[in-house]
Structure formats: structure tokens, C-alpha cells
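Asks:
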Amino acid sequence: TLLRKASGGQSACLRRRGRHLPLRRCLAAWGSTLQIEPGVQRALEEGRPIVALESTIISHGMPYPENLAMARGVEDIIRERGAVPATVAVLQGRPHVGLTASQLESLAEAGPRARKCSRRDLAVALAQGVDGATTVAATSYLASLAGVKVFVTGGMGGVHRGAETTFDVSADLAELAQTPIVVVCAGVKSILDIEKTLEVLETNGVPVVSLGTDDFPAFFSPSSGVPSPLRLDTPSEVAAAAKAGFDLGMRNGMVVAVPNPAPMSGGAGIDAAIHEALEQAEARGLKGRDITPFVLASVNETTGGHSLKSNVALVRHNAKVGADIAVQLAALTG
Ligand code: PSU
Ligand code: MN
């Protein structure tokens with residue numbers, strides 16, 4: 007193993023088993039606070055496909071024990087398709103990329119007792135030694151630091167309705183402007199302003215690709231009625247596009263939106279439930295990071311658990327797609 011400065015001095019590079027690793031990954035591999043699970047570490051060293059998973063969806067997005075079943079199921083799907091799962095979370099102030107079975111279990115049990123951590127929360131959570139569940143933004147940052155290129159989730163954050171007065175725009179969008187990772191999701195919920203979300207992603211230079219559809223998906227529903235900025239039809243096309251961006255030295259991420267394979271029947275019902283939940287959230291004075299968890303729980307209640315079923319189904323489907331993208335990308339970069 008040797009450390010050397012690349013010419014031009016933009017980045018140093020670690021040579022490991024004949025492979026050049028970017029500087030950030032060297033730092034991750036060497037003694038920083040990042041805790042990379044041994045199976046994930048081996049896959050990184052051998053250039054095998056890895057899929058990162060977020061943990062806010064586990065702690066704040068679903069109730070226990072359904073959250074644990076979902077988290078385990080998704081990891082199994084990724085393994086079955088030939089990739090290594092890496093769930094990301096903060097445990098006792100240490101950022102983990104890849105959790106053991108028992109770490110995953112205690113995180114699921116802790117539920118909302120784990121602090122919701124977006125990018126701005128990471129440093130303080132680490133310094134305070136707390137347990138934290140990472141959002142799309144924080145997961146992207148930590149996974150990318152470890153050298154992971156593909157990340158699967160359910161729904162991303164975005165621009166909230168009324169953002170012109172509240173300024174409530176998820177840090178997920180800004181993160182994608184500066185972190186080179188492919189985020190596979192089911193689009194964004196109709197809780198959000200989908201058009202504004204796509205505008206902000208465009209401004210930030212983030213490609214938004216819908217898989218096999220011209221219409222941007224809206225989480226519970228496979229279509230939002232808003233045209234997708236870009237369309238690709240297969241995981242290998244997505245892998246090729248991601249590689250092209252990385253090879254060009256682009257530092258931004260990419261959104262891959264996959265239509266929900268188990269849509270909620272009666273889209274109007276779900277919209278009504280979401281609106282009711284939003285009104286309740288406002289009446290209770292909930293703000294910012296507390297809104298989405300409240301809305302998810304409330305919608306699940308009003309739909310008698312149907313929304314949870316649909317949510318689990320779409321995450322499992324995204325895991326298949328994400329694993330296939332990671333496998334193709336590893337083959338291309340081999
Ligand atoms: N949307 C969902 N389920 C979720 C989230 C969003 O349908 O669990 C979570 C994700 O972790 C996402 C975060 O990154 O909420 C966005 O939160 P905020 O808007 O506070 O940035
Ligand atoms: Mn917000």
C-alpha cells in the first residue's frame with residue numbers, strides 16, 4: 007500500500023491491490039471515524055457491487071416491527087441479486103456504513119428514539135455520542151465517503167408545498183448537487199411540490215431519470231402527471247449513464263425514480279389522507295423535520311395499513327433495481 011500525490015495536486019491516491027482509490031476513500035479506509043462493516047470493506051477492496059440503505063426510513067418512516075422486517079428483507083433482496091447491502095446509521099456517535107444483524111435490530115427497536123440526522127445534524131450527533139438515523143442527505147454523504155456508488159431508498163425529501171413562504175426545502179436536494187451517488191427511489195410524495203422539486207434538482211445539475219416511464223413517479227402512485235426530465239429503460243442503461251458522469255469528473259449525484267409496483271388503489275383516497283395529515287400537523291404546530299414522520303404514521307392509520315404495505319412493496323422493488331444497477335456498474339468499472 008502506498009500513498010502518493012497525483013500530478014496537479016488535486017488529489018492523492020492510495021494504491022491498493024492494484025486499484026487506485028480516490029482520496030476521500032483512502033481517508034475512510036484509514037483511521038477516520040467511519041465504521042465500515044467488514045463485509046462491506048471487503049467488497050470495496052475487491053470492487054464488488056454495494057448498495058447503501060438509509061435508516062430514517064427504519065426509525066421514523068415505519069413502525070416496529072414492520073420496520074425491522076422491511077430492513078432485513080431489503081438487505082436479503084440485495085444479497086440475492088449479487089450485491090452487498092450497507093445500511094448507514096450513527097451508533098453511539100460513530101458513523102456506520104453497513105450494520106450487523108444485531109445493530110440493525112436495535113436500531114429498528116429504538117425507532118424514533120434514534121435522532122433523525124440530515125447533513126446538518128451529523129457533526130453534533132457524533133460529538134454527543136448519540137444514536138442517529140440518517141436521511142437521504144446524510145446517508146449519501148457517508149456512503150459516498152466510504153466509496154459506495156449506489157443507494158436505495160423509498161422516497162426522497164424535496165421542496166415542500168408552500169416553500170415560497172416557509173423555505174422548507176430538504177437538504178437531500180443540495181446533497182445530490184455535491185455527492186456522486188445514484189439514489190434509487192420511488193419519486194417524491196405528493197406531500198411535496200413535485201414541480202418545484204424537479205426545478206431545484208435541475209438548478210443543481212442533478213440528472214433525474216425515471217425508469218421505464220415518461221412520467222415522474224409519485225411514491226404511492228406510479229405517475230405524478232409531471233413529465234420526467236429524463237427516461238432510461240434498464241438498470242444497465244442507468245449504470246452506463248452513472249459511469250459517464252463519474253468519468254467526466256462530475257461531483258453530483260443522480261436520481262433514479264422507479265414507479266411503485268404496488269400502487270395504492272384510489273389515488274384520491276391517499277391524497278385526501280395526506281392532506282388531512284398535513285392539516286393536523288399544522289394544527290399541532292409541527293415543523294420541519296417532524297412533518298414527514300407524522301404524516302407517514304397518520305396516513306398509515308387512516309388507510310388501515312394499506313399505505314405501509316405499498317411503502318414496503320416499493321422499497322423492496324427499488325432494492326432489486328438498485329442491486330441490478332450496482333452489479334452493472336461494478337461490471338463496467340471492474
Ligand atoms: N419520505 C418518505 N419516507 C421517509 C423520508 C422521506 O416517504 O422516511 C425521510 C428520508 O430519510 C428523507 C427524509 O431523506 O425523510 C427527508 O427529510 P427532510 O424533509 O426533513 O429533509
Ligand atoms: Mn425540511
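Each residue of the sequence shown is one higher than the one before, counting from 7 in the UniProt record's numbering.
Each residue gets a CB set at the ideal place from its N, CA and C atoms; glycine is no exception.
From a predicted model like this one, the values you see are computed outputs, not experimental measurements.
1. Pro91 bridges to which residues according to DSSP?
2. Quick one: complete alpha helix (DSSP H) runs, 4+ long, within the region 250 to 314?
3. Around the C-beta of Gly218, are 16 or more other C-beta atoms found within 10 angstroms, so that it is buried, or is it exposed?
4. Sort Ala144, Ala278, Val194 by Cα distance to Val264 and report the nearest one.
5. Quick one: is the Cβ of Arg295 within less than 7 Å of any heavy atom of the ligand MN?
6. Excluding sequence positions up to five away, which residues of its chain have a Cβ less than 8 Å from the Cβ of Thr39?
7. Tell whether a beta-carbon distance below 8 Å holds between Leu148 and Thr140.
8. Would you tell me roughly how many angstroms separate the C-alpha atoms of Val136 and Asp220, rounded to the nearest one?
9. Alpha carbons only, please: which of Thr62, Thr240, Asn73 is nearest the one belonging to Ala143?
10. Check Asp221 in the structure and name its three-state DSSP category.
11. Using a threshold of 8 Å, state whether the C-beta atoms of Ala224 and Ser216 are closer than that.
12. Any heavy atom of the ligand PSU inside 7 Å of the beta-carbon of Met76?
13. Could you round the C-beta distance between Val90 and Ala49 to whole angstroms and report it? I think they count as a contact, below 8 Å.
14. Just the Cα atoms here: how many angstroms apart are Gln98 and Pro233?
15. On the CB-based measure, 16 or more other CB atoms within 10 Å of its CB, does Glu81 come out buried or exposed?
16. For a minimum of 3 consecutive residues, which ranges assigned as the beta strand (DSSP E) are wholly contained in the region 96 to 172?
17. Which of the three DSSP states is assigned to Ile197 in this structure?
18. Please work out which residues of its chain come closer than 6 Å, Cβ to Cβ, to Gly37, disregarding the five sequence neighbours upstream and downstream, and give them in chain order.
19. Check this for me: beta carbons of Ser304 and Ala289, under 8 Å apart or not?
20. Going by beta carbon distance, what residues of the same chain come within less than 6 Å of His323, once the five residues before and after it are set aside?
21. Return the first residue and the last residue of the alpha helix (DSSP H) that Leu50 is part of.
22. First and last residue of the beta strand (DSSP E) that includes Leu40?
23. Is the region 60 to 74 touching the region 105 to 120 in the sense that three or more CB pairs, one from each, lie closer than 8 Å?
24. Helix, strand or coil for Ser316? Go by DSSP, reduced to three states.
25. Report the partner residues of residue 2 according to the DSSP bridge assignment.
26. My understanding is that Gly251 touches Val212, with C-beta atoms under 8 Å, so please give their C-beta distance in whole angstroms.
27. Indicate, with yes or no, if the ligand PSU has a heavy atom lying under 7 Å from the CB of Gly79.
28. Suppose the cutoff is 7 Å on Cβ atoms and the five residues either side in sequence are ignored; what does the same chain contact list for Met76 look like?
29. Do Ala332 and Val57 have their CB atoms nearer than 8 Å?
30. So what does DSSP say about Asn228, is it helix, strand or coil?
31. Closest to Gly163 by CA distance: which of Ser313, Ile187, Glu43, Leu207 is it?
32. Could you give the DSSP three-state label for Ser234: helix, strand or coil?
33. Would you identify the three-state DSSP class for Val175, choosing helix, strand or coil?
34. I need the DSSP call for Gly188, collapsed to helix, strand or coil.
Replies: This is what the structure gives:
1. By one-based count along the sequence shown, residue 91 stands at place 85. Partner(s): Val57.
2. List check, alpha helix (DSSP H) in window: 273 to 289, 297 to 308.
3. On the sequence shown, position 212 is the one that residue 218 refers to. Per the 10 Å Cβ criterion, exposed.
4. Here residue 264 refers to the residue found at position 258 of the sequence shown. Looking from the CA of Val264, the closest CA among Ala144, Ala278, Val194 belongs to Val194.
5. Here residue 295 is taken as the residue at index 289 of the sequence shown, counted from 1. Result yes, Cβ under 7 Å from the ligand MN.
6. Position 33 of the sequence shown, counted from the first residue, corresponds to residue 39. Only Arg100, Pro101, Leu132 meet the Cβ criterion.
7. On the sequence shown, residue 148 is found 142 positions in, with the first residue counted as 1. On the sequence shown, residue 140 is found 134 positions in, with the first residue counted as 1. In this structure, Thr140 lies closer than 8 Å to Leu148 by Cβ.
8. By 1-based counting over the sequence shown, the position of residue 136 is 130. By 1-based counting over the sequence shown, the position of residue 220 is 214. Computed Cα separation, rounded: 43 Å.
9. To locate residue 143, count along the sequence shown from 1; it is residue 137. Check the Cα spacing between Ala143 and each of Thr62, Thr240, Asn73: the tightest is with Thr62.
10. The sequence position of residue 221 within the sequence shown is 215, counting from 1. DSSP places Asp221 in strand when its eight states are reduced to three.
11. Taking the sequence shown and counting its residues from 1, one reaches residue 224 at position 218. Taking the sequence shown and counting its residues from 1, one reaches residue 216 at position 210. No, Cβ-Cβ distance for Ala224 and Ser216 is not below 8 Å.
12. In the sequence shown, residue 76 corresponds to position 70, counting from 1. Every heavy atom of the ligand PSU is 7 Å or more from the Cβ of Met76, so no.
13. Along the sequence shown, read from residue 1 onward, the residue named residue 90 stands at position 84. Along the sequence shown, read from residue 1 onward, the residue named residue 49 stands at position 43. Confirmed, about 4 Å.
14. Taking the first residue of the sequence shown as position 1, residue 98 is located at position 92. Taking the first residue of the sequence shown as position 1, residue 233 is located at position 227. Between the alpha carbons of Gln98 and Pro233 lies a distance of about 43 Å.
15. Within the sequence shown, the letter at position 75 stands for residue 81. Buried, because 16 or more other Cβ atoms sit within 10 Å of the Cβ of Glu81.
16. Segments of the beta strand (DSSP E) lying fully in the region 96 to 172: 100 to 103, 121 to 123, 138 to 140, 156 to 158.
17. Working through the sequence shown from its first residue, we reach residue 197 at position 191. Coil at Ile197, not helix or strand.
18. Walking along the sequence shown from the start, residue 37 turns up at place 31. Below a pLDDT of 50, predicted positions are generally treated as unreliable, and Gly37, at 48, falls in that range; the measurement from the model is reported next regardless. Scanning its chain for C-beta atoms nearer than 6 Å, with the 5 sequence neighbours on each side dropped, one finds no residue around Gly37.
19. As a first step, residue 304 is located in the sequence shown; it is residue number 298 there, counting from the start. As a first step, residue 289 is located in the sequence shown; it is residue number 283 there, counting from the start. No, Cβ-Cβ distance for Ser304 and Ala289 is not below 8 Å.
20. As a first step, residue 323 is located in the sequence shown; it is residue number 317 there, counting from the start. Pro267.
21. Translated into the one-based positions of the sequence shown, residue 50 becomes position 44. Its alpha helix (DSSP H) spans residues 44 to 52.
22. Taking the sequence shown and counting its residues from 1, one reaches residue 40 at position 34. Where Leu40 is concerned, there is no enclosing beta strand (DSSP E), because DSSP gives it neither an H nor an E.
23. Below 8 Å, enough C-beta pairs join the region 105 to 120 and the region 60 to 74 to call them touching: three or more.
24. For the purposes of this step, residue 316 is taken as residue 310 along the sequence shown, with counting starting at 1. Of the three classes helix, strand and coil, the one that applies to Ser316 here is helix, per DSSP.
25. The requested residue 2 is not part of the displayed model; the chain covers only 7 to 340.
26. Your numbering for residue 251 matches position 245 in the sequence shown. Your numbering for residue 212 matches position 206 in the sequence shown. Incorrect: roughly 10 Å between the Cβ atoms, too far for contact.
27. As a working note, residue 79 is residue 73 in the sequence shown. Short note on Gly79: C-beta not closer than 7 Å to any heavy atom of the ligand PSU.
28. Sequence index remark: in the sequence shown, residue 76 carries index 70 (1-based). So the qualifying residues of the chain are Met68, Val318, Val321.
29. Numbered from 1 along the sequence shown, position 326 holds the residue referred to as residue 332. Numbered from 1 along the sequence shown, position 51 holds the residue referred to as residue 57. Yes; because the gap between Cβ atoms is below 8 Å, this pair is in contact.
30. Residue mapping note: residue 228 aligns to position 222 of the sequence shown, counting from 1. Looking at the sequence itself, residue 228 is Pro, so the reference to Asn does not match. Pro228: coil per DSSP, three-state reduction.
31. Taking the sequence shown and counting its residues from 1, one reaches residue 163 at position 157. Measuring from the Cα of Gly163, the nearest candidate turns out to be Leu207.
32. Counted from its first residue, the sequence shown places residue 234 at position 228. DSSP places Ser234 in the coil class of the three-state scheme, outside both helix and strand.
33. The sequence position of residue 175 within the sequence shown is 169, counting from 1. Look at Val175 here: in three-state DSSP terms it is strand.
34. Your numbering for residue 188 matches position 182 in the sequence shown. Reading off the sequence, residue 188 comes out as Val, not Gly. When secondary structure is reduced to three states using DSSP, Val188 falls in the strand class.
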